[in-house]
Amino acid sequence: MKKTAITIFAAFSLLLVPNALNAQDNNTDTDKPLTERLMDKVVKQKTERSAELESRLVEIYEMDKSDMSFGEKRALRKEVREIEKTTTNGGGGIYISVGGLVLILILLIILL
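What follows is the structure, given as structure tokens:
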């Protein structure tokens with residue numbers, strides 16, 4: 184009885200997930216789903232930020248550093264390293280270990 188109730192609950196929850204993903208935001212008149220609009224916004228923000236960082240790098244590289252003190256040069260080097268680290272970090276992403284994947288598969292097999 185308990186296993187049937189869990190299976191029915193899991194089936195209903197899987198049926199409701201696509202409806203939640205296709206939900207439209209009523210504030211805009213576009214035909215794009217909410218997830219696509221959010222992704223477009225995130226991509227736009229990332230490109231704007233990367234353009235700002237790139238212009239700052241160009242500005243630093245074009246500076247005349249001969250009149251600067253050691254501390255100022257050091258601060259610029261740290262800033263360049265930090266900017267390069269953030270730009271080469273990439274998309275991030277979600278990583279899952281093999282043990283975690285096996286555990287998830289076992290739970291899915293047990294529940295269904």
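FYI, the numbering for the sequence shown is 184 to 295, going by our numbering. Even for Gly, the Cβ is constructed at its ideal location relative to N, Cα and C. Just so we're clear, the structure is a prediction, and the values are computed from it rather than from any experiment.
Residue range of the unbroken alpha helix (DSSP H) whose run includes residue i
i	result
E262	253-271
M222	217-244
G282	281-294
Given residue i as reference, the closest of the options once Cα atoms are compared
i	options	result
E242	S280, R220, I266	I266
R260	I277, R239, S280	R239
T271	V263, I277, Y278	V263
T230	Y244, E245, E255, T269	T269
Contact test: residue i Cβ vs the ligand GDP heavy atom, cutoff 7 angstroms
i	result
S280	No copy of the ligand GDP occurs in the structure displayed, which carries no ligand at all.
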